[in-house]
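Using the numbering used here, read the sequence shown as starting at 6 and increasing by one per residue.
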Amino acid sequence: MDHSDYTKIFTGNFIVAQLIVEKLSAAGISPIIKDDYESQRLSGFPIPSNGIQELYVNNEELDTAVPIVESVSSEMKS
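If you want it as structure tokens, here you go:
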């Protein structure tokens, strides 16, 4: 079984991901941002992308991070 100290808390477009990152940073959380397109671009082999990013946080920060993601997600729906 694969064990990690990090959990994915968001998958979505760049704009929403950056808003979540900003709010997480204000709460003292530094998420890991996974962006396949950016990784491919930096390696010299870019492919068209749909602008999707994934955000991961340390498991110890989940209790603080999840409500922030839920709040931003609900703001975006309204």
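Just so you know, even glycine gets a beta-carbon here, dropped at the ideal spot from N, CA and C.
Are the CB atoms of residue i and residue j nearer to each other than 8 angstroms?
i	j	result
VAL62	ILE14	yes
GLU75	ILE34	no
THR16	GLU80	no
My output table needs one value for residue i: the three-state DSSP class, helix, strand or coil.
i	result
MET6	Unreliable placement is indicated for MET6, whose pLDDT of 39 sits below 50; no coordinate value is reported for it.
GLN23	helix
Is residue i close to chain D? Criterion is C-beta to C-beta, closer than 8 angstroms.
i	result
ASN18	The structure shown contains no chain D; it is built from a single protein chain.
Go to residue i, then tell me how far its alpha helix (DSSP H) extends in each direction, as first and last residue.
i	result
ILE34	Neither: ILE34 is in no alpha helix (DSSP H) and is coded neither H nor E.
LEU76	The identity of residue 76 in the sequence shown is Ser, whereas the question assumes Leu. That run of the alpha helix (DSSP H) goes 67 to 82.
What residue range is occupied by the uninterrupted beta strand (DSSP E) comprising residue i?
i	result
GLU59	57 to 63
Between residue i and residue j, how many whole angstroms is the CB-CB distance? I'm expecting something under 8 angstroms.
i	j	result
VAL21	PRO36	Not quite, the Cβ-Cβ distance comes to about 13 angstroms (not below 8 angstroms), so this is no contact.
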